[in-house]
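S.K.:
In our numbering, the protein residues as written are 23 to 464.
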């Protein structure tokens, strides 16, 4: 009988050089009130009633800003190879442009050196959702100028630390930046506006491309894109449900992969978004499609989709599914990870190495932690199945190292390998941490 407190895989099951890591995000762990960081649109979003559980924000978070050395020790002691972290635009440039916060740059300098001193590869994300408030005031992701502002920030920070970065990606999960924040209104800036969403959907990819150009100009390599994917399944076998699921897939998955890898957007999504797109958007694909060295996939769940003909476009809705769910209410569906790994490898981005850059679950079980172990085990098994089918998968990053600020869910949802007491900020490795350490040592 399998041990529920142990993983079924070991490092020896993977090719030499396969990367195991953990991932975090700046606003979720650092503590935005420390070190001269400027305000960001998540601060004001959280301060607006009804947006975030208990109106909690990232002001203190896990205080990684002061506790980073101990947090890096946790990763080293777990036997991890890499740390996928993000840098805060608002920490480095409090107004988003102009004046530089030297204390913020110094922090990332120390952090990167600390990774290297512990044998951890630094995997940098340049934007994980903390847009400086001053740029939000100028239209944020609705404003085409953000692509240039972002490239300037990327140039500044990569001039400082880029010589020691192992791999870098400009934007974490463009769908969340654009659709979740501008159409569904569930993340900052909290818009529910199709015109804002269409422009953000395009400008976030334009900013991705300008950032890749900026890093190439500095001589940096090993640059990728980190996209999130959700498996869209029709709620039943009706033609209407199948069409709705295909449209959900077009908006969520194929829009961003298509823009980057095929220099085109899916027609199903354009049917609703094109009237609201910025002028001459078709001319930007040469920048959006800048050559990459790898692609990262963030995967958590599937969604059951039904047609909703009485509502405006996209005329669909999510329906609760029958599978076991995480504390986020997300269905556990490892086959979706297998699907997207094989789809990226064979259709969307053939010949590009792939990394699972985020995978994990929310579960409030700090001691036994069997749900997290079972979830990660099943998804690693799906990844190994894809590798057996020829997928060039080269690494797997767990989300997340620490329990942290889970955006609109506040501090309620716990994704960490390490439990954090948000009153004392004490760290306590969970059973999943110990199981992963044993698997990587075996």
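Each residue gets a CB set at the ideal place from its N, CA and C atoms; glycine is no exception. Computed from a predicted model, the values in this text were never measured in an experiment.
So which of 412, 391, 430, 305 has the shortest CA-CA distance to residue 374?
M.R.: Taking only the C-alpha atoms, the option nearest residue 374 is 412.
S.K.: What's the C-alpha gap between residue 107 and residue 263?
M.R.: Roughly 38 Å between the two C-alpha positions.
S.K.: How far does the beta strand (DSSP E) with residue 234 in it reach, from first residue to last?
M.R.: Where residue 234 is concerned, there is no enclosing beta strand (DSSP E), although the alpha helix (DSSP H) it sits in stretches over 216-239.
S.K.: Only counting the same chain, and skipping five residues up and downstream in sequence, which positions put a Cβ closer than 6 Å to that of residue 346?
M.R.: Here the set comprises 354.
S.K.: Here's the rule I'm using: 16 or more other beta-carbon atoms within 10 Å means buried, otherwise exposed. How should residue 250 be labelled?
M.R.: By the 10 Å Cβ count, residue 250 comes out buried.
S.K.: Would you tell me roughly how many angstroms separate the C-alpha atoms of residue 246 and residue 223, rounded to the nearest one?
M.R.: Going by the C-alpha atoms only, they are around 18 Å apart.
S.K.: Rounded to the nearest angstrom, what separates residue 91 and residue 450 at their Cα positions?
M.R.: Cα to Cα, residue 91 sits roughly 15 Å from residue 450.
S.K.: Between the Cα of residue 158 and the Cα atoms of 422, 67, 27, which residue gives the shortest distance?
M.R.: Answer by Cα proximity: 67.
S.K.: My guess is that residue 272 and residue 256 are in contact by the Cβ rule of under 8 Å, so how many angstroms apart are they, rounded?
M.R.: With 8 Å as the limit, residue 272 and residue 256 do not qualify as a contact, their Cβ atoms being about 14 Å apart.
S.K.: Taking residue 427 as the reference, which of 444, 290, 214 has the closest Cα?
M.R.: Here the closest residue by C-alpha is 444.
S.K.: Beta carbon of residue 188, beta carbon of residue 104: below 8 Å?
M.R.: Going by C-beta atoms, residue 188 is nearer than 8 Å to residue 104.
S.K.: Between which residues of its own chain and residue 414 is the CB-CB distance below 7 Å, once the five residues before and five after are set aside?
M.R.: Answer for residue 414: 367, 375, 376, listed in chain order.
S.K.: Pop quiz: residue 253 and residue 193 are said to be a contact at Cβ under 8 Å. What is the actual Cβ separation, rounded to whole angstroms?
M.R.: Their Cβ separation, rounded to whole angstroms, is 22 Å, which puts residue 253 and residue 193 out of contact at 8 Å.
S.K.: Roughly how many whole angstroms lie between the Cα atoms of residue 316 and residue 378?
M.R.: So the alpha carbons of these two residues sit roughly 11 Å apart.
S.K.: Using DSSP's beta-bridge definition, name the partner residues of residue 105.
M.R.: Its beta-bridge partners are 44, 144.
S.K.: Cutting at 7 Å between CB atoms, please list the residues of its own chain near residue 422, excluding the five before and the five after it.
M.R.: Around residue 422: 44, 45, 46, 382, 437, 438.
S.K.: Leaving out the 5 sequence neighbours to the left and right, which residues in its chain are closer than 6 Å to residue 237 when beta-carbon positions are compared?
M.R.: The residues are 180, 245.
S.K.: Residues in the same chain with beta-carbon distance under 6 Å from residue 205, minus the five sequence neighbours each way, listed in chain order, please.
M.R.: Contacts found: 219.
S.K.: Ends of the alpha helix (DSSP H) at residue 242?
M.R.: Segment: none, residue 242 is in no alpha helix (DSSP H) and carries neither H nor E.
S.K.: Pull the bridge partners of residue 377 from the DSSP assignment, please.
M.R.: Beta-bridge pairing links residue 377 to 318, 417.
S.K.: Mind pulling the beta strand (DSSP E) runs of 3 or more residues that sit fully within the region 140-199?
M.R.: Complete beta strand (DSSP E) runs here, min 3: 143-149, 189-193.
S.K.: So, using beta-carbon positions, are residue 75 and residue 432 closer together than 8 Å?
M.R.: Yes, the pair counts as a contact, with Cβ atoms nearer than the cut-off.
S.K.: With DSSP as the reference, label residue 209 as helix, strand or coil.
M.R.: Residue 209 falls in the coil class under three-state DSSP.
S.K.: Can you give the Cα-Cα distance for residue 319 and residue 133, rounded to whole angstroms?
M.R.: Roughly 25 Å separates the two Cα atoms.
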